[in-house]
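K.L.:
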Amino acid sequence: MALLGHTPNAPNEKINPALTRRSGNVVFQHVLHEVGEPQINNDNSSDGKVNFVSNTLTITGRLGQYTQAVIDLVFDVNNTGGTTEFWFEFVIGNHTSRPWEWMQVQLGFLTGQDFVRADPDSGLDFDFPHRDVAGWPKDAYQKFVKYREPENQDHPDYTQVVEGDVTIYENMIEWNGRGVHQLQHNASGAFFFNVDIPDYDATMVPPQAMTATGYTFTIRFWIQTM
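Just so we're on the same page, the numbering used here is the position in the sequence shown counted from 1, plus 1.
#1: Touching or not, the region 166-179 and the region 81-88, by the rule of three or more beta carbon pairs under 8 Å?
#2: Quick one: grab the DSSP three-state call for A188.
#3: Would you mind sorting T204 into buried or exposed? The rule is 16 or more other CB atoms within 10 Å of its CB.
#4: On a CA-only basis, which of I224, W223 and T219 is nearest D115? Give me that one, please.
#5: Tell whether a beta-carbon distance below 8 Å holds between P100 and M211.
#6: If we ignore side chains and look at the alpha-carbon of each, how far apart do D166 and Q183 end up?
#7: Could you have a look at G82 and say whether DSSP puts it in helix, strand or coil?
#8: State the DSSP-derived secondary structure class of G94, mapped to helix, strand or coil.
#9: Buried or exposed, going by whether 16 or more other CB atoms sit within 10 Å of the CB of Y67?
#10: Hey, could you find the ends of the beta strand (DSSP E) F53 is sitting in?
#11: Considering only the alpha carbon of each residue, which of G124, V54 and L108 lies closest to D44?
#12: Classify D115 as helix, strand or coil using the three-state DSSP reduction.
#13: Residues in the same chain with beta-carbon distance under 6 Å from N177, minus the five sequence neighbours each way, listed in chain order, please.
#14: Is the CB-CB distance between F127 and F193 below 8 Å?
#15: How far does the beta strand (DSSP E) with L108 in it reach, from first residue to last?
#16: Can you tell me whether DSSP reads A70 as helix, strand or coil?
#17: Can you tell me the Cα-Cα spacing of I72 and S46, whole angstroms?
#18: If you draw a straight line from the C-alpha of T214 to the C-alpha of L108, how long is it?
#19: CA-CA distance, V106 and V51?
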C-alpha cells in the first residue's frame with residue numbers, strides 16, 4: 002500500500018501543503034512534512050524506519066475544563082498487492098486554553114459523524130498485537146513523548162515519556178494522565194506509532210472510502226482538557 006498524503010487538498014501528491022481546518026471549538030493545522038517510502042509490502046520485516054510519515058499537528062482554540070475535541074486527518078493510499086508498514090511521527094502542539102489530560106489516536110474511515118473505527122481484523126492496525134520491534138527507533142514506540150536536551154551522546158534524539166498510562170489496541174492508542182499529568186497549553190509533545198496499511202478490501206472498508214486506485218483512511222485525534 003503506497004501512501005500519498007492527506008486529502009482533500011492534493012490527494013495525488015507525495016507531500017502536501019499545510020491543511021488548516023476548524024473542528025468544533027478548535028482550529029487545527031496539519032503539516033505533512035515528508036513521506037519516506039523506499040520499501041512497499043514490508044510488513045513484518047526487520048528493516049526498521051524505512052517507511053515514515055513526518056507530521057506536525059497544531060491545535061488552537063478556547064476550551065473549557067474537561068472539554069473534548071476531535072480532529073480527523075484523512076490519508077490517501079494506493080493498492081500495492083500487499084501490506085506496507087509506516088512509522089508515523091506526529092509532533093503535536095497544544096495551543097488551546099487548557100492543558101490536556103487524555104488523548105486517543107484512532108484508526109478508521111470517513112470523518113465526523115460518519116467516522117467508523119477500523120475492524121480489528123481489517124489489517125489496518127497499529128502493528129498490534131504482533132509488533133515488529135527489530136530495527137525501529139528505541140526511544141519511543143507507541144508512546145507519547147516530549148523532547149529534552151540530549152543526555153546520551155550515543156542517542157542524540159533522546160526523549161522522555163510523558164507521564165501517564167499508554168494503552169494500545171489494534172485500532173486505538175490511548176494516553177491517560179489520570180488527572181495528575183498533563184500536556185500543558187503552549188507546549189508540544191510527540192506521538193510515534195506504526196501503522197500497517199493493507200490493500201483495499203470491500204468487506205472491511207466502507208464503500209465511501211474507496212478510490213479508483215485504493216482507498217482513504219482516517220487517523221483521529223481525540224483530546225480532553227484538564
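Think of the CB as a built atom: it goes at the ideal place given N, C-alpha and C, for glycine as much as any other residue. Nothing here was measured: the structure is a model prediction, and the numbers come from that model.
P.N.:
Checking against the coordinates, here is how it stands:
#1: no
#2: Mapped onto the sequence shown, residue 188 falls at position 187. Note: A188 maps to strand in three-state DSSP.
#3: Here the question's residue 204 lines up with position 203 in the sequence shown. Counting Cβ neighbours within 10 Å, T204 comes out exposed, since fewer than 16 surround it.
#4: In the sequence shown, residue 115 corresponds to position 114, counting from 1. Answer by Cα proximity: T219.
#5: Counting from 1 along the sequence shown, the entry for residue 100 is found at position 99. Counting from 1 along the sequence shown, the entry for residue 211 is found at position 210. No, the pair does not count as a contact, with Cβ atoms beyond the cut-off.
#6: Residue mapping note: residue 166 aligns to position 165 of the sequence shown, counting from 1. Residue mapping note: residue 183 aligns to position 182 of the sequence shown, counting from 1. Cα to Cα, the separation comes out at about 11 Å.
#7: In the sequence shown, residue 82 corresponds to position 81, counting from 1. Reduced to three states, the DSSP call for G82 is coil.
#8: As a position in the sequence shown, residue 94 is number 93, starting the count at 1. Strand, per DSSP.
#9: Along the sequence shown, one-based indexing puts residue 67 at 66. It is exposed - the Cβ of Y67 has fewer than 16 other Cβ atoms within 10 Å.
#10: Here residue 53 refers to the residue found at position 52 of the sequence shown. F53 to G62 is the extent of the beta strand (DSSP E) around F53.
#11: Sequence index remark: in the sequence shown, residue 44 carries index 43 (1-based). Considering only alpha carbons, the answer is G124.
#12: Taking the first residue of the sequence shown as position 1, residue 115 is located at position 114. In the structure shown, D115 sits in a helix (DSSP, three-state: H, G or I).
#13: Counted from its first residue, the sequence shown places residue 177 at position 176. Answer for N177: W103, G165 and D166, listed in chain order.
#14: If you number the sequence shown from 1, residue 127 lands on position 126. If you number the sequence shown from 1, residue 193 lands on position 192. No, the Cβ-Cβ distance between F127 and F193 is not below 8 Å.
#15: The sequence position of residue 108 within the sequence shown is 107, counting from 1. That run of the beta strand (DSSP E) goes W101 to F110.
#16: On the sequence shown, residue 70 is found 69 positions in, with the first residue counted as 1. A70 falls in the strand class under three-state DSSP.
#17: As a working mapping, residue 72 is identified with position 71 in the sequence shown. As a working mapping, residue 46 is identified with position 45 in the sequence shown. Approximately 31 Å between the Cα atoms of the pair.
#18: As a first step, residue 214 is located in the sequence shown; it is residue number 213 there, counting from the start. As a first step, residue 108 is located in the sequence shown; it is residue number 107 there, counting from the start. Rounded to whole angstroms, T214 to L108 spans 20 Å at the Cα level.
#19: Your numbering for residue 106 matches position 105 in the sequence shown. Your numbering for residue 51 matches position 50 in the sequence shown. One C-alpha to the other measures close to 22 Å.
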